[in-house]
Amino acid sequence: MAAARMAMQAEGRRWRLPRRWGLPALAGALALAAWLGWRALAPAAEAELPPLAADSAADTRYEALAQQIARYPRDARARVLKARMDLRAERFDLAVAGYRQALEMAPKVARDAGVWVELAEALGLAQGGRLAGEPTALIARALGLDADHPQALDLAGSAAWEAGDFAGAATHWRRLRARLAPGDTRHTELSAAIVRAEQRARLALPPPR
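Under my numbering, read the sequence shown as residues 4 to 212, first letter to last.
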């Protein structure tokens, strides 16, 4: 996972887009929408939307979502799916705008911790790969909705590490590790990152009084 790799790499290296915890591949966009529990489209409108099958071309899926948003501007589901495609394609500003619009227009979306985490990712990458500032606040908001959200815990640890709060990073990553099976390769990788964070925490100067 990105957080663990970051903790084990040379200091100063910028955070990178983390692995998507538990999210289906973008090619399965309709399955992803079902996972989120959204049925934002009316049956007739959904029937008119071209299928987003796994073997469809990415540009066809993207264009279908853009057309859907043009016809139904308040379709938050389509906006999130399009924002995910923008994020994957490194169109970070477009992704940020799409996530913000979806969160503002749909209370159901605003209650989904995962969407806040994805906005934090996109915004962090848009500002040069740093999580300081609003991305950190967005991660905290996601954890307020779901204290055990894996990707939020991963990013919270990364943000704490970036800020020099190594004890905080270890705390977030220990909580994340508790959700992994001991034989999972990510468990080993994360354990190594936790050890490194704990070592840095012991060596860190106490905060000024």
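A virtual CB, placed ideally from N, CA and C, is assigned to each residue, including glycine.
Give every residue of the same chain whose Cβ lies closer than 7 angstroms to the Cβ of leucine 69, excluding the five residues on either side of it in the sequence, and list them in chain order.
Within the sequence shown, the letter at position 66 stands for residue 69. Note that residue 69 is alanine in the sequence shown here, rather than leucine. Excluding positions up to five away in sequence, the list reads Lys85.
How about alanine 155 and alanine 116: are their beta carbons less than 8 angstroms apart?
As a position in the sequence shown, residue 155 is number 152, starting the count at 1. As a position in the sequence shown, residue 116 is number 113, starting the count at 1. Between alanine 155 and alanine 116, the C-beta spacing is below 8 angstroms.
Give the list of continuous alpha helix (DSSP H) stretches no shorter than 4 residues that lie fully inside the stretch 153 to 208.
Listed in chain order, they are 153 to 165, 169 to 180, 188 to 206.
If you count every other CB in all the chains shown that lies within 10 Å of the CB of glycine 186, and 16 or more means buried, which is it?
Sequence index remark: in the sequence shown, residue 186 carries index 183 (1-based). By the neighbour-count rule (16 or more Cβ atoms within 10 Å), glycine 186 is not buried but exposed.
Arginine 3 (DSSP reduced to helix, strand or coil)
With the chain covering 4 to 212 only, the question about residue 3 has no answer from this structure.
Out of Pro153, Ile142, Val99, point me to the one whose CA is closest to alanine 125's CA.
One-based indexing of the sequence shown puts residue 125 at position 122. When each option's Cα is compared against that of alanine 125, the closest is Val99.
Helix, strand or coil for glutamate 124? Go by DSSP, reduced to three states.
On the sequence shown, position 121 is the one that residue 124 refers to. Helix.
Span of the alpha helix (DSSP H) holding aspartate 89?
The residue labelled residue 89 in the question sits at position 86 within the sequence shown. Note, aspartate 89: alpha helix (DSSP H), 79 to 91.
Could you check the C-alpha separation between leucine 193 and arginine 182 for me, to the nearest Å?
The residue you call residue 193 lines up with position 190 of the sequence shown. The residue you call residue 182 lines up with position 179 of the sequence shown. Going from the Cα of leucine 193 to the Cα of arginine 182 covers about 11 angstroms.
Hey, quick one: how far does the alpha helix (DSSP H) through leucine 141 stretch, first residue to last?
Here residue 141 refers to the residue found at position 138 of the sequence shown. First-last of the alpha helix (DSSP H) with leucine 141: 137 to 148.
Out of Val83, Ala129, Gly132, point me to the one whose CA is closest to alanine 109's CA.
The residue given as residue 109 occupies position 106 in the sequence shown. Selected option, being the one with the closest Cα: Val83.
State the start and end residues of the unbroken alpha helix (DSSP H) segment that holds glutamine 70.
Translated into the one-based positions of the sequence shown, residue 70 becomes position 67. Taken as a continuous stretch (DSSP letters only), the alpha helix (DSSP H) holding glutamine 70 covers 61 to 74.
Using a threshold of 8 angstroms, state whether the C-beta atoms of alanine 170 and alanine 204 are closer than that.
In the sequence shown, the residue the question calls residue 170 occupies position 167. In the sequence shown, the residue the question calls residue 204 occupies position 201. Between alanine 170 and alanine 204, the C-beta gap is smaller than 8 angstroms, which places the two residues in contact.
Please return the same chain residues whose Cβ sits closer than 7 angstroms to the Cβ of isoleucine 72, not counting the five positions on each side in sequence.
Counting from one through the sequence shown, the residue named residue 72 turns up at place 69. The residues are Asp78, Ala81, Arg82, Lys85.
Between histidine 152 and alanine 163, how many whole angstroms is the CB-CB distance? I'm expecting something under 8 angstroms.
Taking the first residue of the sequence shown as 1, we reach residue 152 at position 149. Taking the first residue of the sequence shown as 1, we reach residue 163 at position 160. About 16 angstroms separates the CB atoms of histidine 152 and alanine 163; that is not less than 8 angstroms, and the two are not in contact.
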